[in-house]
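Protein chains in written order, with the UniProt record's numbering: chain A, 1 to 150; chain B, 1 to 150.
There are 2 protein chains.
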Amino acid sequence: MPLDPARQGLTIGDLSERTGLAPSAIRFYETHGIVAPLRNAGGHRRYARADIRRLSFAMAAQKLGLPLAEIAGHMAGLPADRAPSKADWTRIGTEIRALLDARIDALTRLRDNLDGCIGCGCLSMETCTLWNPDDRLATKGTGPRLVLRD
Amino acid sequence: MPLDPARQGLTIGDLSERTGLAPSAIRFYETHGIVAPLRNAGGHRRYARADIRRLSFAMAAQKLGLPLAEIAGHMAGLPADRAPSKADWTRIGTEIRALLDARIDALTRLRDNLDGCIGCGCLSMETCTLWNPDDRLATKGTGPRLVLRD
DNA sequence: CCTTGATCTCAAGTGCGCTTGAGAAATTAC
DNA sequence: GTAATTTCTCAAGCGCACTTGAGATCAAGG
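1. With DSSP as the reference, identify every bridge partner of R18 of chain A, one or two as the case may be.
2. If you draw a straight line from the alpha carbon of A48 of chain B to that of S16 of chain B, how long is it in whole angstroms?
3. Run down chain B in chain order and give the residues with a C-beta less than 8 Å from the C-beta of R103 of chain A.
4. Give the DSSP-derived three-state secondary structure of R39 of chain A in the structure shown.
5. Considering only their Cβ atoms, is the gap separating I104 of chain A from residue 151 of chain B smaller than 8 Å?
6. Does R46 of chain A have its Cβ less than 8 Å from a Cβ in chain B?
7. If distances are taken between C-alpha atoms only, which option among A:D51, A:P79 and A:L107 comes closest to D101 of chain B?
8. Looking only at its chain, what residues have a beta carbon closer than 6 Å to the beta carbon of residue 152 of chain A, apart from the 5 residues adjacent to it on each side?
9. Can you tell me whether I12 of chain B is helix, strand or coil according to DSSP?
10. Taking only beta-carbon atoms, is R97 of chain A less than 8 Å away from chain B?
11. Report, in whole angstroms, the separation of the C-beta atoms of I71 of chain B and A87 of chain B, which I expect to be a contact under 8 Å.
12. Using only the alpha-carbon positions, how far apart do G73 of chain B and L21 of chain B sit?
13. Leaving out five residues before and five after G77 of chain B in sequence, what residues of the same chain have Cβ atoms less than 8 Å from its Cβ?
14. Quick check on residue 151 of chain A: buried or exposed, where buried means 16 or more other Cβ atoms within 10 Å of its Cβ?
This is how it looks when you write it as structure tokens:
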């Protein structure tokens with residue numbers, strides 16, 4: 001089904017099948033500027049194949065916890081009129097790569113802290129700074145500072 | 001556990017300062033069973049020190065993307081009437097540890113796929129299965145399968 | 001005391017990310 | 001040429017995680 005000349009592009013149903021997104025979700029993403037399909041004579045949306053990639057990218061970024069607005073911000077750098085080039089995707093990919101690294105770091109730190117605390121048996125003691133961020137840390141801000149600092 | 005004899009426990013304001021959560025959020029968590037404070041003569045909530053840990057734990061679990069209901073499910077295993085023991089926290093910690101591992105794995109996989117795709121320059125080609133999960137994969141389900149599979 | 005600030009309950013509102021009709025028009029399948 | 005399916009727009013609704021008043025009560029310092 002690659003760009004059937006008769007149909008001049010992919011329907012929203014095609015995209016739905018290939019991305020797993022509901023048509024309503026795809027239309028919703030359109031309002032956020034993540035895709036910008038053309039219309040055929042009858043007013044129906046017609047998508048380019050590159051839009052599959054756009055949506056896949058948006059889905060991946062969402063799994064990282066990015067809000068749609070921010071995703072749209074990153075994707076605003078992609079060309080609207082032509083299929084994004086390698087350089088286009090590489091730049092965006094690099095941005096996301098940094099976010100991934102940060103997130104992996106944070107989770108790894110949290111895991112290691114958790115391991116350490118379980119190992120030392122301090123979880124039941126009042127002196128554990130991991131689950132008991134009181135007195136010593138009370139003046140340094142709020143929250144479980146040793147566990148989460150991102 | 002050693003409640004201040006003068007005040008008989010921590011106020012919601014105390015917890016708010018030490019966890020960084022708004023009082024309204026703490027009350028909201030109460031409706032989900034994450035904390036269960038006692039009341040003083042005047043009807044005000046009085047918390048045990050262990051509740052700081054409960055909230056910290058819930059905040060950590062939330063950063064992992066767990067919905068409150070699920071967090072509450074894990075914490076239901078903790079004793080309501082006494083400060084959780086080392087064994088109590090260790091069990092919960094181990095459950096979370098598994099989630100952390102899975103999440104780190106998923107993110108690492110995504111990052112490596114992204115790296116590979118950037119490296120090979122395939123992002124602009126129709127044959128890239130990472131951002132172009134079409135033909136070959138079209139019969140195997142939906143979504144960006146090589147990027148995200150969790 | 002008395003005042004100031006913290007806390008109480010309860011209902012309603014917010015922001016995000018969609019979904020769900022309703023009613024109509026376009027497209028496809030037979 | 002019909003029938004079935006898909007898509008269209010627009011408004012409203014939903015689930016989650018809270019926040020924001022409103023109006024009243026409680027607690028603590030001078």
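Glycine included, every Cβ here is placed at the ideal spot set by N, Cα and C.
On the basis of the data shown:
1. Its beta-bridge partners do not exist; DSSP assigns none.
2. 13 Å
3. L107
4. strand
5. This structure does not reach residue 151 of chain B, given that chain B is present from 1 up to 150, and the question cannot be answered.
6. no
7. A:L107
8. What is shown of chain A runs 1 to 150, which leaves residue 152 of chain A out entirely.
9. helix
10. yes
11. Contact doesn't hold; Cβ gap of about 20 Å is too wide.
12. 20 Å
13. D88, R91 and I92
14. No answer is possible for residue 151 of chain A: the residues shown for chain A start at 1 and end at 150.
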